[in-house]
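Visitor: Residue numbers (our numbering): -17 to 103.
Note that CB positions come from ideal geometry on N, CA and C, so glycine has one too.
The structure presented is a predicted model; accordingly, all values stated were derived computationally and were not measured.
This is the structure I have questions about; it appears just below.
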């Protein structure tokens, strides 16, 4: 079973690499505004998780720069996710706004949040 999961994970990463979406083109000042809006966003993820891939692809499509944190292979990020977010579940978007931290867990909710961000810029 472990081999099957490993193999499927590699397949997901291969297809993600081959079919990477293109980022939206926008004016430099609009892109800078978006970059500032996403500066305090951190995406906790597992590299081969299909739901994490979905979120990363949505961010790429919208041209958003997100810091990704590998909660599977980095014990520090895994602990942050557990202690501050409350559970080790990915994808999880850490949103820091005006000193307040919010943890958003569901991939559909994260994608909707990122799309709303892009429209606000």
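What would DSSP say about residue 87, mapped onto helix, strand or coil?
Guide: The residue given as residue 87 occupies position 105 in the chain shown. Correct three-state label for residue 87: coil.
Visitor: If I measure Cβ to Cβ from residue 96 and keep anything under 7 Å in the same chain, skipping five residues before and after, which residues do I get?
Guide: Taking the chain shown and counting its residues from 1, one reaches residue 96 at position 114. Within the same chain, residue 96 has close Cβ partners 40, 41, 44, 46.
Visitor: Let's see if you can read the secondary structure: which residues bound the alpha helix (DSSP H) around residue 27?
Guide: To locate residue 27, count along the chain shown from 1; it is residue 45. Unbroken run through residue 27 is the beta strand (DSSP E), 23 to 27; no alpha helix (DSSP H).
Visitor: Got a sec? Which residues, its chain only, sit under 6 Å from residue 3 by beta carbon, not counting five neighbours each side?
Guide: Walking along the chain shown from the start, residue 3 turns up at place 21. These residues qualify, in order along the chain: 39, 42, 43.
Visitor: Let's test the definition: count the other Cβ atoms within 10 Å of the Cβ of residue 20 and tell me whether it reaches 16, buried, or not, exposed.
Guide: Counting from one through the chain shown, the residue named residue 20 turns up at place 38. So residue 20 counts as buried.
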